[in-house]
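This report concerns only the one structure given below.
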Amino acid sequence: MTGTNLSDTFRHKGLRKKLTETVRQKGIADENVLKAMEAVPRHWFFDSGFLEFAYEDKAFPIGAGQTISQPYTVAFQSQLLQVKKGDKILEVGTGSGYQASILYQMGAKVFSIERQRALYTKAKEMLPKAGYLVKTFFGDGYKGLPAFAPFDKIIVTAGAPFIPEPLMEQLKPGGILVIPVDKDDYQIMTTVEKQADGSFITRQHGHFRFVPLLGDKAHD
Ligand code: SAH
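For the sequence shown, our numbering begins at 7 and goes up steadily by one.
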């Protein structure tokens, strides 16, 4: 993150249009997701020395051993969330804040929780400057955010060894949880939909690779 230089040139806009087209060609069809991806300057979420990497369809290191997810993965998870304007969404794993900004750009009210202090602090300072009014929290995403529950949608952006019970509890009836669940050395993108009667329907959506969802307490 530059933190200071939030400029967006014609060159950046052009690269973003191309990236959005790539993501569309890879199968993303939700026009609202594609519009948000074209609107949010991904290079703002990179350290200034690495701006040229921002518009490749690749994950990239953001410090503290973490990565900003690949644009296609961000789009895929966002599409599975079926975001509607005004949806109240919890994200586990703020990281750079890019995924949260995409959801905000789509008209959601976004709550995002991060367990690494340095990443939390960076995102908390940068997001309002960039105009993405995401509510950021420092803590353990396995517990969700009970004080603000229930949520219309919940997205986990790290590979989880299992589906945390509190996240299922904190979904509204009709709500959707999108979570990559560990399987060998990759994750299976999984959706869990809470039915009106409180039961759950689980579906699988292919293989992805994420950094791990870490347990225990939040880290300074
Ligand atoms: N959504 C991010 C991608 C971040 S990578 C983005 O758009 O940039 C996954 C993030 O999950 C990392 O920042 C990692 O520190 C965080 N994380 C890992 N375990 C966590 C936990 N238990 N609670 C909250 N965040 C966690």
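For every residue, glycine included, the Cβ atom is placed at its ideal position computed from N, Cα and C.
DSSP state of residue i mapped onto helix, strand, coil
i: Lys90; result: coil
i: Ile108; result: helix
i: Gln83; result: helix
i: Pro167; result: coil
i: Arg186; result: Note on residue identity: the sequence assigns Pro, not Arg, to residue 186. It is a strand residue.
i: Lys159; result: strand
i: Ser205; result: coil
i: Phe56; result: helix
i: Val29; result: helix
i: Gly150; result: coil
i: Thr127; result: helix
i: Leu173; result: helix
i: Glu120; result: strand
i: Thr144; result: It should be noted that the sequence gives Phe, not Thr, for residue 144. Strand, per DSSP.
i: Leu220; result: coil
i: Gly113; result: coil
i: Thr8; result: Bear in mind that the predicted position of Thr8 carries a pLDDT of just 45, short of 50, making it too unreliable to give a figure here.
i: Val39; result: helix
i: Tyr192; result: strand
Under 8 Å between C-beta atoms of residue i and residue j
i: Ala106; j: Val140; result: yes
i: Phe229; j: Leu96; result: The shown model of the chain, from 7 to 226, leaves out residue 229, and the question about it has no answer.
i: Gly69; j: Ala124; result: yes
i: Lys64; j: Gln76; result: yes
i: Arg12; j: Trp50; result: Note that residue 12 is Leu in the sequence shown, not Arg. Contact flag set, yes.
i: Tyr148; j: Tyr110; result: no
i: Gly150; j: Pro172; result: yes
Cβ shell of residue i (< 7 Å), same chain only, five flanking positions each side left out
i: Ala129; result: Thr100, Ser102, Gly103, Glu120 and Thr142
i: Leu177; result: Pro156, Phe157, Ile160, Leu183 and Lys200
i: Ala166; result: Ile185, Pro186, Val187, Asp188 and Leu219
i: Ile108; result: Ala42, Met43, Val46, Val80 and Ser84
i: Leu57; result: His49
i: Pro67; result: Thr73
Close beta carbons around residue i, own chain, < 6 Å, minus the five adjacent residues each side
i: Pro179; result: Lys200 and Ala202
i: Phe52; result: Ala60
i: Val162; result: Val98 and Ile185
i: Lys19; result: none
i: Lys94; result: Lys115, Phe157 and Asp158
i: Asp36; result: Gln85
Residues near residue i by beta carbon distance below 8 Å, same chain, minus five either side
i: Leu21; result: Ala60 and Tyr61
i: Ile34; result: Leu40, Tyr78, Ala81, Phe82 and Gln85
i: His211; result: Phe82, Leu86, Ile194, Met195, Thr196 and Thr197
i: Val217; result: Gly71, Gln72, Thr73, Ala164 and Gly165
i: Lys23; result: Glu44
i: Val29; result: Leu40, Met43, Asp63, Pro77, Tyr78 and Ala81
8 Å contact criterion, which residue i and residue j should meet: CB distance rounded
i: Asn38; j: Val116; result: Their Cβ separation, rounded to whole angstroms, is 15 Å, which puts Asn38 and Val116 out of contact at 8 Å.
i: Ala42; j: Met132; result: Going by Cβ atoms, the distance from Ala42 to Met132 rounds to 18 Å, so no, they are not a contact pair.
Does the stretch 119–127 touch the stretch 94–102, meaning 3 or more C-beta pairs lie closer than 8 Å?
-> By the Cβ criterion, the stretch 94–102 is in contact with the stretch 119–127, since at least three pairs of Cβ atoms, one from each stretch, lie closer than 8 Å.
Touch check for the stretch 172–192 and the stretch 200–209: three-plus C-beta pairs under 8 Å?
-> Enough Cβ pairs lie closer than 8 Å, so yes.
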